[in-house]
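Engineer: Note that the protein sequences, when read in sequence, are chains B and H.
The first sequence begins at 0 in numbering that gives the first Met the number 0 and counts up one residue at a time.
The second sequence begins at 0 in numbering that gives the first Met the number 0 and counts up one residue at a time.
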Amino acid sequence: MFNKILIANRGEIAVRIIRACKELGVSTVAVYSDADRRSLHVALADEAYHIGGSAPGESYLVIDKILDVAKKSGAEAIHPGFGFLSENEEFAKRCEKAKIVFIGPSAKAIRLMGDKITARKIAHEAKVPLVPGSEGAVSDVEASVVVDEIGYPVMIKASAGGGGKGMRLVREKGEFESALRMARSEAGSAFGDDSVFVEKFVEQPRHIEIQIIADSYGNVIHLFERECSIQRRHQKVIEEAPSSAISDRTRKKMGAVAVKIAKAVDYQGAGTVEFIMDQKQNFFFLEMNTRVQVEHPVTEMITGFDIVKWMIRIADGEKLPFKQSQIEMKGHAVECRVYAEDPETNFMPSPGTIDYLRVPSGPGIRDDSSIYSGCEITPHYDPMLSKLVVWADTREAAIEKMASALREYIVIGLKTNIGFLLRVMGEEEFKEGKIDTGYIERHPELLKPGDIDIEPVLIAAALAMNNADSVESGEQRPASNWKLYGRKLGLSGGQVL
Amino acid sequence: MSYTLNYQGQAYKVEIEEDDKQISLEIDGKKVPVEFQKIEENLFSIIYEGKSITLGVVKKGHNLQIFLNGELYEIESVSERDKRKTSQIASGMQEIKSPMPSRVVKILTKQGDEVDVDEGVVVVEAMKMESELKSPIKGEVKDVFVNEGDAVEAGTVLLVVSSE
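#1: Using DSSP bridges, identify the partner residues of B:T393.
#2: Excluding the five sequence neighbours on either side, which residues of its own chain have a C-beta within less than 8 Å of the C-beta of B:V145, listed in chain order?
#3: Could you tell me if H:L158 is buried or exposed, where buried requires 16 or more neighbouring beta carbons within 10 angstroms of its beta carbon?
#4: Scan the region 25 to 92 of chain B and note each continuous beta strand (DSSP E) run of 3 residues or more that stays entirely inside, going in chain order.
#5: According to DSSP, is B:C374 part of a helix, a strand, or is it coil?
#6: Rounded to the nearest angstrom, what separates B:A118 and B:T415 at their Cα positions?
#7: Just the Cα atoms here: how many angstroms apart are H:G154 and H:S101?
#8: Got a sec: is the Cβ-Cβ distance from B:N288 to anything in chain H below 8 Å?
#9: Just checking B:I370 against the ligand GTP - is the residue's beta carbon closer than 7 Å to any of the ligand's heavy atoms?
#10: For H:S23, report the span of its beta strand (DSSP E) as first-last.
#11: Bridge partners for B:C335 per DSSP, in chain order?
#12: In chain H, which residues lie with their C-beta within 9 Å of the C-beta of B:G418?
#13: Is the region 366 to 384 of chain B close to the region 21 to 32 of chain H, with three or more CB pairs under 8 Å?
#14: Using a cut-off of 9 Å between C-beta atoms, extract the partners of H:K164 located in chain B.
#15: Can you name the residues that DSSP bridges to H:A125?
#16: I need the DSSP call for H:V116, collapsed to helix, strand or coil.
#17: Any idea what DSSP makes of B:F190, helix, strand or coil?
#18: Below 8 Å between beta carbons: does that hold for H:L15 and H:M0?
#19: Who pairs with B:K107 in a beta bridge, going by DSSP?
#20: So for B:D247, helix, strand or coil by DSSP?
#21: Give the interface partners of B:R357 over in chain H, defined as CB-CB distance under 8 Å, in chain order.
#22: State the beta-bridge partners of B:M300 as determined by DSSP.
#23: If you measure beta-carbon to beta-carbon, which residues of the region 409 to 441 of chain B are closer than 9 Å to chain H?
#24: Whether or not the region 208 to 220 of chain B and the region 254 to 265 of chain B are in contact is what I'm after, with contact meaning three or more pairs of Cβ atoms, one per stretch, closer than 8 Å; do they touch?
#25: Could you list which residues in chain B have their beta carbon closer than 7 Å to that of H:I52, in chain order?
#26: With a threshold of 8 Å between beta-carbons, can H:V103 be considered close to chain B, or not?
#27: Considering only residues of the same chain and omitting the five flanking positions on each side of B:K329, which have a CB-CB separation below 7 Å?
#28: I'd like to know whether the C-beta of H:Y95 is nearer than 8 Å to at least one C-beta of chain B.
#29: Tell me the rounded alpha-carbon separation between B:E95 and B:V307.
#30: Just to confirm the assignment: which complete alpha helix (DSSP H) runs, minimum length 4, are found wholly within the region 413 to 474 of chain B?
#31: For B:P477, count neighbouring Cβ atoms within 10 angstroms of its own Cβ and tell me buried if that reaches 16, exposed if not.
#32: Can you check whether the C-beta of B:S472 is within less than 8 Å of a C-beta belonging to chain H?
#33: Identify whether H:L71 lies in helix, strand or coil by the three-state DSSP scheme.
#34: Please state whether DSSP places B:D139 in a helix, a strand or coil.
#35: Using three-state DSSP, classify B:E399 as helix, strand or coil.
#36: Which residue marks the beginning of the alpha helix (DSSP H) containing B:E124, and which one marks its end?
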């Protein structure tokens with residue numbers, strides 16, 4: 000096993016990796032920017048090095064600085080976490096050159112899967128289902144030929160596109176010609192390029208992904224699926240495993256397809272193959288993420304498999320001791336991403352200082368975070384505060400447990416989405432598993448609190464005003480055990496050490 | 000002691016007397032029997048009407064942030080002296096402030112424009128995210144203090160809307 004690993008990341012994932020290293024008896028090296036001197040990953044690591052300014056481009060994204068620290072500290076391997084340099088081909092190459100192990104796949108696998116068109120080609124060659132459509136930009140005549148072949152509804156998309164511009168949904172043949180004309184003119188004026196392509200429109204798509212793990216001896220297994228259909232602005236908010244929407248048959252098929260893709264690029268380490276799935280369980284390849292995923296804990300909860308530790312072991316040359324048939328899943332796990340953001344103003348980020356924090360606990364509750372009372376959430380990084388994960392024997396019980404845990408959560412000092420998450424847990428369609436990527440848009444009522452009982456809040460406010468007066472007059476109370484416990488929770492990022 | 004507590008534009012009058020053994024509390028003239036323990040500096044336990052309720056409480060001057068069941072409540076405690084002034088601001092002139100350090104991406108209105116309740120007036124960007132700030136009242140845009148592209152601090156007044 001490695002003696003020392005550098006963690007080229009920050010926040011909760013850096014904390015998660017540091018803990019895994021400690022459990023494996025590996026020393027840890029943290030790096031930090033100006034904004035992160037007081038961050039929990041710095042406090043928990045054995046060594047810590049300052050690498051520059053708060054903007055990621057001045058610190059966490061600077062390959063030279065990170066490799067310098069690796070050399071200076073004698074780290075033998077680097078875990079990139081997610082985001083930042085985790086899917087950067089150049090970084091993987093430079094590590095290789097510097098004879099430092101990059102904990103992840105080869106630079107080549109990162110490159111092949113990082114380019115959407117190449118990834119699609121590889122998937123196509125491996126006979127993995129893709130959303131049917133034209134291969135690239137098409138002329139008007141070609142477009143109508145393709146559409147007649149794949150059938151309606153179809154989506155016309157701008158090749159240079161993004162942000163919904165130049166996009167048209169067409170449900171009937173009669174609408175196609177004018178829709179194509181409008182999409183072209185919109186694309187032309189928005190991007191200066193009027194080329195478009197056509198794709199089958201997947202109705203009410205669900206986001207399903209397969210976790211795979213591969214060692215360096217060609218063994219690849221999958222750890223079943225996660226469903227991540229609850230999204231805002233194409234970003235996941237609530238994830239679960241297993242999906243309530245797929246049969247065992249589909250699960251097996253998806254798993255096999257994901258393994259095939261991994262093998263096609265000689266994949267090594269942990270990776271995720273993402274699919275979209277229609278209401279009839281037809282699934283189509285979306286992309287592969289060549290790193291540990293934010294939502295990896297739900298898979299860990301149902302399989303008992305420590306993904307981060309296995310990434311490290313595999314990078315160290317260990318062989319996977321399990322066969323696919325030995326991997327079993329048990330129960331149901333749900334993850335809620337607690338964000339510093341305001342659902343009432345289109346999920347606007349809400350940086351600030353956490354003045355007070357209390358984290359839920361109890362059997363089957365896991366809070367992966369790096370926050371504590373007094374910590375600052377800066378606008379430089381992602382506003383995710385924590386990942387609250389629960390496990391129970393059924394989906395229904397897991398949702399109840401999540402609701403109960405969310406009710407115990409207290410965060411004061413900035414706005415969070417906890418109330419929103421709580422309302423989703425109580426919403427009928429969610430409870431019945433009737434979810435797809437349009438769920439949040441379909442439920443704007445969840446963005447605002449419903450009927451609230453203001454009375455207890457006013458009582459507490461009056462008591463606080465009155466109490467502060469008595470404190471000001473010199474009255475002191477001794478620190479209670481609850482307070483000490485709360486501090487302990489805060490320092491350990493929510494888990495009692 | 001008597002306090003006026005403002006929550007989302009609504010004022011509540013609260014009377015509270017506290018001695019070692021007992022609290023007598025009235026909200027808008029209605030007596031509320033309550034038993035209270037401060038568990039830690041920012042964690043309050045109250046028992047009333049047979050319910051046990053635990054709340055997080057942070058006080059900064061006259062502003063209180065209280066957390067209960069996933070929601071953060073921002074309450075302002077107003078003394079009799081300040082009261083008239085505050086209510087005038089709320090209905091007459093409304094300042095649209097930047098909620099965080101951000102960049103002004105687009106100004107959707109100009110001086111003299113009429114705006115509706117919840118109409119977007121400014122788009123700001125922070126943490127790689129654009130957000131639209133809305134006018135809380137119907138009225139006329141009195142003044143715009145920033146330009147597109149400006150970097151602004153949290154709390155910077157971007158424009159003022161008046162309902163008069």
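C-beta: ideal position from N, C-alpha, C; glycine also.
Structural biologist: From the atom records:
#1: As a working note, residue 393 of chain B is residue 394 in the first sequence. Its beta-bridge partners do not exist; DSSP assigns none.
#2: The count along the first sequence starts at 1 and reaches residue 145 of chain B at position 146. Answer for B:V145: G132, S133, V137 and V197, listed in chain order.
#3: For the purposes of this step, residue 158 of chain H is identified with residue 159 of the second sequence, where counting begins at 1. Classification for H:L158: buried.
#4: Counting only runs of 3 or more, we get 26 to 32, 46 to 51 and 76 to 78.
#5: As a first step, residue 374 of chain B is located in the first sequence; it is residue number 375 there, counting from the start. Correct three-state label for B:C374: coil.
#6: For this step, residue 118 of chain B is matched to residue 119 along the first sequence. For this step, residue 415 of chain B is matched to residue 416 along the first sequence. Going by the C-alpha atoms only, they are around 36 Å apart.
#7: In the second sequence, residue 154 of chain H corresponds to position 155, counting from 1. In the second sequence, residue 101 of chain H corresponds to position 102, counting from 1. If I take the Cα positions, the gap works out to 10 Å.
#8: For this step, residue 288 of chain B is matched to residue 289 along the first sequence. So, not an interface residue.
#9: The ligand GTP is not part of the structure shown, which contains no ligands of any sort.
#10: Along the second sequence, one-based indexing puts residue 23 of chain H at 24. Note, H:S23: beta strand (DSSP E), I22 to I26.
#11: Numbered from its first residue, the first sequence carries residue 335 of chain B at position 336. Listed as beta-bridge partners of B:C335 by DSSP are B:I237 and B:L387.
#12: Position 419 of the first sequence holds residue 418 of chain B. Correct list: N68, G69, E70 and L71.
#13: Note that the region 366 to 384 of chain B does not touch the region 21 to 32 of chain H; fewer than 3 beta-carbon pairs, one per stretch, sit closer than 8 Å.
#14: A question about residue 164 of chain H goes unanswered here, because the residues of chain H that appear run from 0 up to 163.
#15: The sequence position of residue 125 of chain H within the second sequence is 126, counting from 1. The beta-bridge partner set that DSSP reports for H:A125 consists of H:M128.
#16: Residue numbering aside, residue 116 of chain H sits at position 117 when the second sequence is read from its first letter. In the three-state reduction of the DSSP assignment, H:V116 falls in the coil class, being assigned neither a helical nor a strand state.
#17: Residue mapping note: residue 190 of chain B aligns to position 191 of the first sequence, counting from 1. Looking at B:F190 - three-state DSSP - the assignment turns out to be helix.
#18: Here residue 15 of chain H is taken as the residue at index 16 of the second sequence, counted from 1. Here residue 0 of chain H is taken as the residue at index 1 of the second sequence, counted from 1. It is Ile, not Leu, that sits at residue 15 of chain H in the sequence shown. Taking 8 Å as the cut-off, the beta carbon of H:I15 is found closer than this to the beta carbon of H:M0.
#19: Numbered from 1 along the first sequence, position 108 holds the residue referred to as residue 107 of chain B. Bridge partners of B:K107: none, in fact.
#20: Taking the first residue of the first sequence as position 1, residue 247 of chain B is located at position 248. In the structure shown, B:D247 sits in a helix (DSSP, three-state: H, G or I).
#21: Counting from one through the first sequence, the residue named residue 357 of chain B turns up at place 358. Those within 8 Å of B:R357 in chain H are L42 and G55.
#22: Here the question's residue 300 of chain B lines up with position 301 in the first sequence. In DSSP, B:M300 forms no bridge with anything.
#23: Within the region 409 to 441 of chain B, the residues whose Cβ lies closer than 9 Å to some Cβ of chain H are I409, V410, I411, G412, L413, K414, T415, N416, I417, G418, F419, L420, L421 and R422, listed in chain order.
#24: These segments touch.
#25: For the purposes of this step, residue 52 of chain H is taken as the residue at position 53 of the second sequence. Result: P455.
#26: In the second sequence, counting from the first residue as 1, residue 103 of chain H sits at position 104. Not one chain B Cβ lies under 8 Å of H:V103.
#27: Residue numbering aside, residue 329 of chain B sits at position 330 when the first sequence is read from its first letter. Cβ neighbours of B:K329 beyond the five flanking positions: I301.
#28: For the purposes of this step, residue 95 of chain H is identified with residue 96 of the second sequence, where counting begins at 1. Here residue 95 of chain H is Ile; the residue named in the question, Tyr, does not match the sequence. Output row for H:I95: interface = no.
#29: By one-based count along the first sequence, residue 95 of chain B stands at place 96. By one-based count along the first sequence, residue 307 of chain B stands at place 308. B:E95 and B:V307 have their alpha carbons spaced roughly 21 Å apart.
#30: List check, alpha helix (DSSP H) in window: 417 to 424, 427 to 430, 438 to 441 and 454 to 471.
#31: Within the first sequence, the letter at position 478 stands for residue 477 of chain B. Because B:P477 carries a pLDDT of 46, less than 50, the predicted location of this residue cannot be relied on, and the following value inherits that uncertainty. Counting C-beta atoms within 10 angstroms of its own C-beta, B:P477 has fewer than 16 neighbours from the protein chains shown and is therefore classed as exposed.
#32: As a first step, residue 472 of chain B must be located in the first sequence, where it is residue number 473. Summary for B:S472: the model assigns pLDDT 38, below 50, so the residue's position carries little reliability; its value from the coordinates is reported in the next sentence. No, its Cβ sits nowhere closer than 8 Å to a Cβ of chain H.
#33: Here residue 71 of chain H refers to the residue found at position 72 of the second sequence. Here DSSP, grouped into helix, strand and coil, assigns H:L71 to strand.
#34: As a position in the first sequence, residue 139 of chain B is number 140, starting the count at 1. Helix.
#35: Translated into the one-based positions of the first sequence, residue 399 of chain B becomes position 400. Three-state result, B:E399: helix.
#36: Numbered from its first residue, the first sequence carries residue 124 of chain B at position 125. Element bounds for B:E124: K115 to E124.
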